[in-house]
Amino acid sequence: MANRALAPLPSIANAVLRTGDGKEVVASTLWQSQPLAVLILRRPGCVLCRDEAQRLWKLKPEFDKLGVGLVCTVHEWIPREVNAFAAGFWPGPIYHDYEKAFYSALNGGRPLRGSIWGLLFPWSAVWQRIRAASRNVSEHNLVGDGLTMGGAMVLRRGGGSGGGNDTVAWMHLENEIGKVADPEAVLAAAREAAAAAPASLPPFSSSP
């Protein structure tokens, strides 16, 4: 579900994220000097999430050409799970959104809790997605909370410091397990954000 009602940037601009080594980062600094695409991950070990991540990461050279950063957030930090995810599917920056600020912003103020209903029926759309993702991902698991729904966002460069009218440029809420953002749609939104970005700001790295 893309752009249902764009989240106000102040709702995430002051969120504090943590890196793997415990460093704290104010979220708005990540898009202070460049537009930013954020993969808001549901669960690092999930086959659907791993496939989503690797498909988006394959487009990293295109994001680089646009001057758009590409990062990932997780809502729980299980070192073994995050490390395996980083090694096999997402070699870029990963941040712990321990307050679930991005997850809340996707759903109008509180994280969306998913339903296991679709998992109960092997002919459901959820299982169709799982089978499709399994063709691309051989290793996955059930460790962690898989029902705090994720999504994706694209943020304009330098936004979030103004008033309540500042909004996210684009977002997608995974409103059903596996209904992830199309990587090409994320890239298209990033392209629009890059075209609208002021040219006077210096480059900024989104790496932790």
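Straight run, no breaks: the sequence shown in our numbering ends on number 210. We treat Cβ as the ideally placed atom computed from N, Cα and C, and that holds for glycine.
Collapsing the DSSP output to three states places Thr150 in a strand. Cα atoms of Leu72 and Val40: separation of roughly 6 Å, rounded to the nearest angstrom.
Within its own chain, the residues whose Cβ lies closer than 6 Å to the Cβ of Ala103, once the five positions on either side in sequence are excluded, are Ile14 and Ala17, listed in chain order. Between the beta-carbon of Ala107 and that of Val156 there is about 13 Å, and that puts the pair past the 8 Å contact cut. Per DSSP, the unbroken beta strand (DSSP E) holding Ile42 starts and ends at Leu38 to Ile42. In the DSSP assignment, Gly180 falls outside any beta strand (DSSP E), carrying neither H nor E. The residue among Ala89, Pro93 and Pro185 with its C-alpha nearest the C-alpha of Gly153 is Pro185. Residue state for Cys51 is assigned as helix, using DSSP reduced to three classes.
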